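>
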Amino acid sequence: MKRYLIIVLLVVLSPSTFAKPAPALKNPTQGVLCDQYFCANRNGISDSLTLTYLGEKRAKALASQGAFDKSAFTFSNGVFCDVKEKLCHVDRYFSDGKRSPVAEKETRLLFSGGDSQ
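First residue of the sequence shown? That's 0 in numbering that gives the first Met the number 0, and the numbers climb one at a time after it.
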């Protein structure tokens, strides 16, 4: 009985139980997605869109990262987008040499000019 109680307590008190879910992505205007750190469009991470929708503090934080490839990126909710492929995936990891499943909603919003929400 004690063994089962310990297992239940470990599950209930695991760090994932208390982890906050990642905030949903925002779609402030057609073809733009933002998390709490940056905004992107069909061309990739955008300094100007980040400034417009997230403010000067986030724009400066993005600029302080220096030069990097802005065409492939992972939002804070784990969704990975690649502007060369014109696809977003549920995460950035590979399984058996293949990308994770396509994140249909984010792909539509970013690359198909889907409606803003």
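We treat Cβ as the ideally placed atom computed from N, Cα and C, and that holds for glycine. Keep in mind it's a predicted model, so treat the numbers as computed, not measured.
L24 and D46 - do their beta-carbons sit closer together than 8 Å?
Taking 8 Å as the Cβ cut-off, D46 and L24 do not qualify as a contacting pair.
> Please look up how many angstroms separate the CB atoms of H88 and A71, rounded, as I've assumed it's under 8 Å.
Wrong, their Cβ atoms sit about 10 Å apart, outside the cutoff.
> Using the Cβ count rule (16 or more neighbours within 10 Å means buried), how would you classify F79?
buried
> May I have the straight-line CA-CA distance separating L50 from R41, to the nearest angstrom?
17 Å
> Work out the CA separation of S63 and S111 for me, nearest whole Å.
30 Å
> Taking the alpha carbon of Y36 as the reference point, which residue from T28, Y52, G30 has its own alpha carbon closest?
Among T28, Y52, G30, the Cα nearest to that of Y36 belongs to Y52.
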